[in-house]
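Inspection log for the structure reproduced underneath, given as structure tokens.
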Amino acid sequence: VAPGLMSAMESVDGAVRTLPSIGRLSRGLLFGGVHGRVGLSPSSRLLPPAPPSQENVDSQKTTFLLRKQWTLYSVTPLYRFSDTHLKDYARLLSAFIAAEKQKGLAVEIGVELGIKVAISSLPDLRGSDRDQAAILVQLSSRSPASPKNSEEKVIWSGWFCSVSGDDFSENVPEDFTCLPLFLANGAESYTSIVGSWFQKTFDCCFRRLAISPLNLSWMAAMWTGCKVDKTASAMELVFSVPHLPQPLDISYAIHPEDAKALWDTVQKTPGEITQEEVDVFMDCLYSHFHRHFKIRLSATKLVKVSTAIASAHCDGIIKFLQSQYLTGVLMLLTELAISQIQ
Amino acid sequence: MQRRQTPKQPLQVHRKKQTDLSAWRKGGRIDPEKSVQNHQSPNNQKNDSKQDSLEQALSYFEKVQDRVSLKKNNVLQKHLTTVESIALQRGLPPEGFDVLLNVALSGKLSDTVNTRLLKSLIPASVIPETSVVSSVSWLCVSKCSSNIQLLFLRWLITVFDFIDHKERLHALYGFFFSFLQDEKMCPYVCHLLYLLTRKENVKPFRIRRLLDLQAKMGMQSHLQALLSLYKLFCPELVTITLPGKTKTYFKDSEGPWKATINTVRQRKQENSLVSQPLFLGTAQPQSRKRKWNTQLIIPASSTNKNNLEEDREKQRVDFYGTNESFPVEQLQTFSQLLQNIHHLEFPSQMGSVLTNPLLLHYMNCIKDESIYLRLYYWMGQTLQEECTWYVADNKQYEEFKDFLETVYKAECFLQEGFSSCEEFLYKSLPLWDGFCCRSQILRLVSWIPLSSFSEMKSHLYDPLAQLFFTSSLYFKCSVLESLKELLQNWLNWHIIHLDSESDSQAHSLNTTLSGLVNVVAELIDFVGWISTVALRLENNPTFLLYFILDFYETVCDMYLRYNLPLLIMPPAGVFYPALLSMDSVSLNQLCYIMYRYRTNLVAAKENELSKKKILQFKFSSQTYQEYNQYIIAMVGCLWTSSAFQKDIHPQGLCMDDELLKKTTVQEFKTSFNIVYHPAMMGYAVLFLQQAWPDDTTFNFSLIKGKKWNWYLEYLYAQGLKGLKVFIESSINRVSQASHSKA
């Protein structure tokens, strides 16, 4: 049920009028800035530097990551992992998959089981040289109809990455490799097999990474501010109303230019975003919605944010849409993954 | 994240969790059933009698003739119940299966009895192959009803992995195959064949038979399962196409046994710290309903298989073969650990050490940051993922409780807290209801390592105090108990640390002596504060007072027993309720504590005087002053009957004579001495009865002079040892002390 799908903010001025509330809304003190052991969110974040245009050429290598749904996991550091052994790992993992698929049956060694494992490195996916290069795992199968010479089809893929996670990795001994964020696309049964193998082999621990409404509102604000060349699609926020006998979702769509204009009036220092600014931005959107529909969105739960940059769901599912902002989004996700394992 | 220094207990302190070395035997070649019993020494007698009744029951079933009616035969009823209850509780020993299967399948007894017997065939360890083979021969002569045959097959499928060998069972493949023609049995026989089939079993005539059956009965998932297995082994023989994806081939055939088998296994693991012989691995069955990786599984110990070319080359270079590591799966005994300690490798998943005491021993000897870090990550993630008050779904409560218990046991074993556990407590205590897994959580609190006060206050003391004040008396006592353990763990750590002072790398900001003194003082102050409030909230119950004074029994002896230059007196809100308690236990405890304070303070004073140089730490004059105030009040109350005049403590008993007269209590001066004190009067009455058996007037004033000394002896003989040491040490000297002070 979507009681209100708005195509555009009626005017930016209307939103700006709500700005005097900044002082009262300040939540800076609640989030003491110290990234303590109990894992509070930071009160401000630096935006990744604007992507240089040459990189678009390199980004060809990562375009296959776009427009797919990725399920997010956090992974604790891998013990005794070495990216010089990727081929051996692929061999071991493929034997493990064969054994798992045939559980309870004798497995004959050397028999083709139809699933091929490839593990490779994605050196482009990192924030700086201090980050470990991302690792891609792909499972592909030959179609059973014509086993010979048919093209292999990727049935599952997953990748580990760390973008600007060096604060974390620098404090970890040499034996460990920090790739705190894992993204999987494909059947969960394969995620389970591959994940179990990594857990067994590198003594690490996978956990689903959910995105809190607070972090979703951060994403909404951060992605609104990003420039996109083409005419972009609408920004959409989905809210779910709690404590109802039947689920009720409210979808709130805003024209990207209007959202950008609003954001520009809220953001003070370019290149940096504070919690206060995010709150003001969301509050403006809420009060605008309230004026039209008399529904207070602040009492509901933000469950999904979609923009031209990416879309994110609170269950920990993400879809990347723009390759030049891929690392920027991954940086935030890496941060969330690290805070879950620390 | 760093491995933090945490308290260790000195060896002389007895810990009930520490088990003796003889228990480290992990079954091995010994009959697992018997070795399990050896570990349960407290239960041994109970077990012996159970063992006897089981043996009687088995020999009864071995000899039972003809059809005995269950209703009329009490002996049968008795033995049947014995078998059932033992099976449910700890499973049946291997030798029981032969007897019970024989009787159940021979058709001697009624089907009700046979069903009940089959249902109680829960293996405690393994099932001998011979008993299964002989029961198959019973099946062939069809002495039993078809229902029993079906039940037997379902049982066989469920316990298939528990059968010790399978060679002879494989030889019966053809027999099982022939059962396929029975329509009722067919699905179960298919399942069994699915478990048994090897490549050499796939024969063209069998494939034909299966296809015939399929033609007759239609597409049945169990037939398809068997066919697809045949096709997997011999694709050239099975040419038909089978539907690719079938979620479940076999209907739930786990029957009534699976749950019981798991319970029995879990109970067994609880009963012995040493994990069981792992013929099935320790991984619990995966539940399909839960998402991947959300089930609490402590991994089994297995060798790190991540040995690649590079490592193999290293081994070739090594001529003496010392690099060849000893596989952890083979580690069964303590002596093996000692022999192989130089080339033992930790398991691929560190989490598995929790249930393996031998590896915990090993971990204790190894100073390697990475093993702690691996454990830290795994445990931290598992605790958060499973914490039942984080996650809405509360079904895994028991699992989580067991896990916390395991973690606590490992901490006791290592005499050291895990930092992931500490962080988990800090994160979860503010959200805790004080009820869920109470004893586990509170016991884990006692292993929190020393850290700065501000951290302890916001993460531990504040949330704990909130729960403490709003919870039951019992909860309050449990909190005090665990804070006492916490204090003792810190003090023990300190004493170990003193012994190994040379080990300078262990020094950090937190562990300097002044840091330690401050943190300990703050803990004691915190307990003093909550105790005072709790005594008022609960109206001074003896039970609570006992736990509070128990805490102070550790506090009063810190200087002499733990070599810590710190003594803190209990607050007046604790001291006076104990002094005026209605119960002699509390009063006696207080006397003992005051005696230990005195001993410690005297020792400190002597030390101070003997050493000319200025000591880094000395007790403040305030501590001596507080002690003196209390001792004057105590002696005034119990001995000189002058409490109301002489008590000089600001919160003390000092009262105006005029005011006291208004209470119209006669002889108010003496009302708290050792004769009239409400906690002592019972003794005084009994003493009077013994000394003057004819006198029924209870004239307490008779107790004076020589009789006073007799009365004292009487009290000492009644077990009031605290009172004895207090009076002997403090009474005569208090006048001297006050003289010298003046």
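Those protein sequences? They're chains A and B, same order as listed. The first sequence begins at 1 in the UniProt record's numbering and counts up one residue at a time. The second sequence begins at 1 in the UniProt record's numbering and counts up one residue at a time. Where is the CB? At the ideal position from N, CA and C, for every residue including glycine.
Within 8 Å (strictly less), CB to CB, does residue i reach chain B?
| i | result |
| --- | --- |
| L336/A | no |
| S169/A | no |
| D315/A | no |
| K260/A | no |
| S339/A | no |
| D83/A | no |
| P77/A | yes |
| R207/A | yes |
| F176/A | yes |
| G195/A | yes |
| residue 385/A | Residue 385/A cannot be examined here, being either before or after the span of chain A that is shown, 1 to 342. |
| S192/A | yes |
| residue 343/A | Past the boundaries of the shown model lies residue 343/A; chain A is included only from 1 to 342, so the question cannot be answered. |
| E152/A | no |
Smallest Cα separation from residue i: which of the options?
| i | options | result |
| --- | --- | --- |
| residue 345/A | D264/A, P180/A, I119/A, D279/A | Outside the shown range of chain A, which is 1 to 342, sits residue 345/A, and nothing can be said about it. |
| L383/B | F424/B, W389/B, I163/B, S620/B | F424/B |
| G328/A | S121/A, M219/A, V154/A | M219/A |
| V189/B | W155/B, P463/B, F551/B, S471/B | W155/B |
| S452/B | W257/B, H191/B, G174/B, S514/B | S514/B |
| W490/B | Y173/B, Y683/B, G417/B, A465/B | G417/B |
| E422/B | V113/B, Q381/B, E398/B | Q381/B |
Just curious, the alpha helix (DSSP H) that residue i is in, first and last residue?
| i | result |
| --- | --- |
| N540/B | It is not in any alpha helix (DSSP H) - N540/B carries neither H nor E in the DSSP assignment. |
| H290/A | 275 to 293 |
| S146/B | 146 to 158 |
| V635/B | 621 to 638 |
| S106/B | 94 to 106 |
| I254/A | That residue, I254/A, is in no alpha helix (DSSP H); its beta strand (DSSP E) goes 249 to 254. |
| V675/B | No alpha helix (DSSP H) holds V675/B; DSSP gives it neither H nor E. |
What are the boundary residues of the beta strand (DSSP E) that residue i is part of?
| i | result |
| --- | --- |
| residue 358/A | Absent from the structure is residue 358/A, since the part of chain A shown begins at 1 and ends at 342. |
| T70/A | The question names Thr, but residue 70/A is Trp in the sequence shown. From DSSP, the beta strand (DSSP E) with W70/A extends over 69 to 75. |
| G186/A | 181 to 186 |
| Q224/B | Here Q224/B belongs to no beta strand (DSSP E); instead the alpha helix (DSSP H) covers 221 to 233. |
| F239/A | 235 to 240 |
| S44/A | 44 to 46 |
| I119/A | 115 to 122 |
| R374/B | Run containing R374/B: none in the beta strand (DSSP E); it sits in the alpha helix (DSSP H), 369 to 386. |
With 8 Å as the threshold, decide whether the Cβ of residue i is near any Cβ in chain C.
| i | result |
| --- | --- |
| E369/B | This model lacks chain C altogether, as its protein chains are A and B. |
Got a sec: is the Cβ-Cβ distance from residue i to anything in chain A below 8 Å?
| i | result |
| --- | --- |
| residue 748/B | This structure gives no information on residue 748/B, because the portion of chain B shown stretches from 1 to 742. |
| E713/B | no |
| S348/B | yes |
| E329/B | no |
| Y377/B | yes |
| E385/B | yes |
| L151/B | no |
| Q381/B | yes |
| L467/B | no |
| N356/B | no |
| L537/B | no |
Cβ of residue i versus every heavy atom of the ligand GTP: is any distance shorter than 7 Å?
| i | result |
| --- | --- |
| D52/B | Questions concerning the ligand GTP fall outside what the structure shown contains, since it holds no ligand whatsoever. |
The segment 119 to 135 of chain B contacting the segment 87 to 99 of chain B, beta-carbon criterion three pairs below 8 Å: yes
Three CB pairs or more closer than 8 Å across the segment 208 to 220 of chain A and the segment 305 to 324 of chain A: yes
Alpha helix (DSSP H) runs wholly inside the segment 591 to 616 of chain B, at least 4 long, in chain order: none
Three-pair Cβ contact test at 8 Å for the segment 226 to 241 of chain B versus the segment 197 to 215 of chain B: yes
Three CB pairs or more closer than 8 Å across the segment 548 to 566 of chain B and the segment 513 to 522 of chain B: yes
Three-pair Cβ contact test at 8 Å for the segment 50 to 58 of chain B versus the segment 81 to 96 of chain B: yes
Cβ pair count under 8 Å reaching 3, the segment 209 to 227 of chain B against the segment 178 to 187 of chain B: yes
Sufficient close CB pairs (3 or more, under 8 Å) joining the segment 174 to 192 of chain A to the segment 74 to 87 of chain A: yes
Any 3 or more C-beta pairs closer than 8 Å across the segment 300 to 308 of chain A and the segment 231 to 244 of chain A: yes
In chain order, each beta strand (DSSP E) run of at least 3 residues that lies wholly inside the segment 683 to 730 of chain B: none
Three CB pairs or more closer than 8 Å across the segment 537 to 551 of chain B and the segment 477 to 489 of chain B: yes
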